[in-house]
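Student:
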Amino acid sequence: MDFINAIVLLSNFVIVPALSYGSQLALGAIGVTLIYGILRFANFAKKAIREKNIEEKVKYIIKTSNIFIELINSLDFERGGDIAYYLNGLYTYQLKLLAKANAENNEKYIDDVIRVLKGLIEAWKEETGLWVFWMIWK
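Residues in the sequence shown are numbered from 2 upward in steps of one, following this note's numbering.
This is the structure we're talking about:
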């Protein structure tokens with residue numbers, strides 16, 4: 002019986018928390034990948050605007066917008082509460098900035114998107130204590 006109790010104890014206090022933490026890191030890694038994609042495509046769109054390459058500009062603004070749409074679609078409003086609603090508004094505003102950048106051929110709007118995302122990265126890093134973004138952006 003002690004052996005079974007030891008297994009249950011190990012499971013409840015070591016294995017389950019480790020799996021939970023691992024899941025959080027995996028979700029963080031997905032977020033890192035998506036944010037990295039946004040920043041990458043946004044910079045490509047800026048370059049296309051400077052070079053007056055309309056086709057490339059549209060392609061990269063669409064790619065950037067699609068990632069924001071997926072981020073919006075992944076929000077859990079029941080579990081995320083106010084933070085999910087805040088992120089929804091933030092991501093939606095970034096989509097509006099990208100639309101303005103596309104319509105006006107103005108990279109200033111893309112600079113605003115990049116600035117906001119870098120701020121979001123810093124806030125996430127401070128809140129979670131994880132430094133995954135630090136390795137990518139510093």
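Built from N, CA and C at the ideal position, the CB exists for glycine as well.
I want to know whether the segment 48-55 touches the segment 64-72 - three or more CB-CB distances under 8 Å.
Tutor: Because the criterion of three Cβ pairs below 8 Å is not met, the segment 48-55 and the segment 64-72 do not touch.
Student: Is Glu57 helix, strand or coil by DSSP?
Tutor: Position 56 of the sequence shown, counted from the first residue, corresponds to residue 57. Glu57 falls in the helix class under three-state DSSP.
Student: So, Tyr87 versus Ile73, is the Cβ gap smaller than 9 Å?
Tutor: Working through the sequence shown from its first residue, we reach residue 87 at position 86. Working through the sequence shown from its first residue, we reach residue 73 at position 72. No, the pair does not count as a contact, with Cβ atoms beyond the cut-off.
Student: Shortest alpha-carbon distance to Ile111 belongs to which of Trp125, Tyr94, Ala85 and Ile70?
Tutor: If you number the sequence shown from 1, residue 111 lands on position 110. With distances taken between Cα atoms, Ile111 lies closest to Tyr94.
Student: Looking at the unbroken alpha helix (DSSP H) that takes in Asn103, where does it start and where does it end?
Tutor: Here residue 103 corresponds to residue number 102 of the sequence shown, with the count starting at 1. Residues Phe78 to Glu105.
Student: For a test of the three-state rule: what should DSSP assign to Ser75, helix, strand or coil?
Tutor: Taking the sequence shown and counting its residues from 1, the one referred to as residue 75 is at position 74. Of the three classes helix, strand and coil, the one that applies to Ser75 here is coil, per DSSP.
Student: Among Gly90, Arg51, Glu108 and Glu71, which residue has its Cα nearest to the Cα of Ile36?
Tutor: Against the sequence shown, residue 36 aligns to sequence position 35. Looking at the Cα atoms, Glu71 is the closest of the given residues.
Student: Would you kindly work out how many angstroms separate the C-alpha atoms of Val114 and Gly38, rounded to a whole number?
Tutor: If you number the sequence shown from 1, residue 114 lands on position 113. If you number the sequence shown from 1, residue 38 lands on position 37. The alpha-carbon atoms of Val114 and Gly38 are separated by roughly 13 Å.
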